[in-house]
Amino acid sequence: MQSFVEALKKTWRSPIYTFFSDDVSVQYHNSRPCHFFPCAARKCKTALGGVRRYQDTKDKSSTTNLKHHAIGCFGEDAVTNALKGKDANPNNGSIFAAFARQGQQPVRYSHRTHSNPEVMAHLVKWVTESNRPVNIVNDRELHSLLTAGRPHIDLPSPDTLTCKIHLAFDKASDRIGKLLRDHPGRLHFATDAWTSPNHRAFVAWTVHLEHDGQMFSFLLDIVEVAEVCYTNLSINL
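Numbering (this note's numbering), first residue to last: 1 to 237.
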């Protein structure tokens, strides 16, 4: 029976199936044969927890009931975007969505497999925002986790990931620069200097602004001070 279900899965090409678990079973309900599709939502909004698709009707391959169920559990936007081949709640291009700190970004769930460029983009974001070393992509368990059920995914090497991080930094710098140049309000600049525990001195410059009701703080630059001349400082004091 399981081999029969696996053979059927190869004919199910609609994106609507991504809203349901792979653990599809053949059942009999009221003496009627049906396929039961468990809902993939963490908390299904129906008592049944999925959809029965009866196989004794003319529309035994219809996805209408699956779509109605998915809309009820995941929302119409998520289902519509999935059917169009897009992510749920896609980035709207706002400056807040682009530069919001961790924890501020709207949560977005994808109900389709990421393409290789999307995998690269998420790795760049994860490594930079979470302060991970680039050689983490060589981790065997991470490879196993990311490629499970998705053997077509190509994971980058540490050198390739480093190049992409630099490229993302350059593009982000250009976008921040344009934002600052076109900003109609005031820009507030600040600087700070400190010495690290290993006696290395640093100086940083930041800019602060309000944009569309959101507060932003950008690090403009940070440099290490090669040498601090305490003699001149003492004389001036």
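Backbone N, C-alpha and C define an ideal beta-carbon position, used for all residues, glycine too.
Query                                                                                                                                                             : Result
Residues in its own chain within less than 7 Å of Glu227 by CB, not counting five upstream and five downstream?                                                   : none
Helix or strand or just coil, what does DSSP make of Ser24?                                                                                                       : For the sequence presented, residue 24 should be read as Val rather than Ser. Val24 falls in the coil class under three-state DSSP.
Please name the residue, chosen from Ser130, Leu167, His114, Arg132, that lies closest to Gly149 on a Cα-to-Cα basis.                                             : His114
Are there 16 or more other CB atoms within 10 angstroms of the CB of Phe4, so buried, or fewer, so exposed?                                                       : exposed
Can you tell which of Ser130, Val24, Ala70 has its C-alpha closest to the C-alpha of Lys45?                                                                       : Ala70
Between the Cα of Gln27 and the Cα atoms of Phe20, Ser21, His35, which residue gives the shortest distance?                                                       : His35
For a test of the three-state rule: what should DSSP assign to Trp194, helix, strand or coil?                                                                     : strand
Out of curiosity, what's the CA-to-CA distance linking Ser25 and Thr63?                                                                                           : 16 Å
Does the ligand ZN have even one heavy atom less than 7 Å from the beta-carbon of Asn30?                                                                          : In terms of ligand content, the structure shown is empty, and the ligand ZN therefore cannot be addressed.
In terms of DSSP beta bridges, what is Tyr54 paired with?                                                                                                         : Cys34
Taking contact to mean 3 or more Cβ pairs, one atom from each stretch, closer than 8 Å, check whether the segment 155-164 and the segment 127-140 are in contact. : yes
Under a three-way DSSP split, which group does Ile153 fall into?                                                                                                  : coil
Helix, strand or coil: which one does DSSP assign to Trp12?                                                                                                       : coil
Going by alpha carbons, who is nearest to Val207 out of His68, Ile16, Phe189?                                                                                     : Phe189
Once the 5 residues before and after Pro38 are set aside, which same chain residues still bring their CB inside 7 Å of it?                                        : Phe20, Ser21, Asp23, Gly49, Gly50
In this structure, what does DSSP give as the bridge partners for Thr206?                                                                                         : Ala190, Leu219
Here's the rule: buried if 16 or more other CB atoms are within 10 angstroms of the residue's CB, otherwise exposed. What is Ser14?                               : exposed
Grab me the residues of Thr162's own chain with a C-beta within less than 8 Å of its C-beta, minus the 5 sequence neighbours each way, in chain order.            : Val134
Could you give the C-beta distance for Leu219 and His183, rounded to a whole number, given that I count them as a contact under 8 Å?                              : Not a contact, Cβ separation roughly 17 Å.
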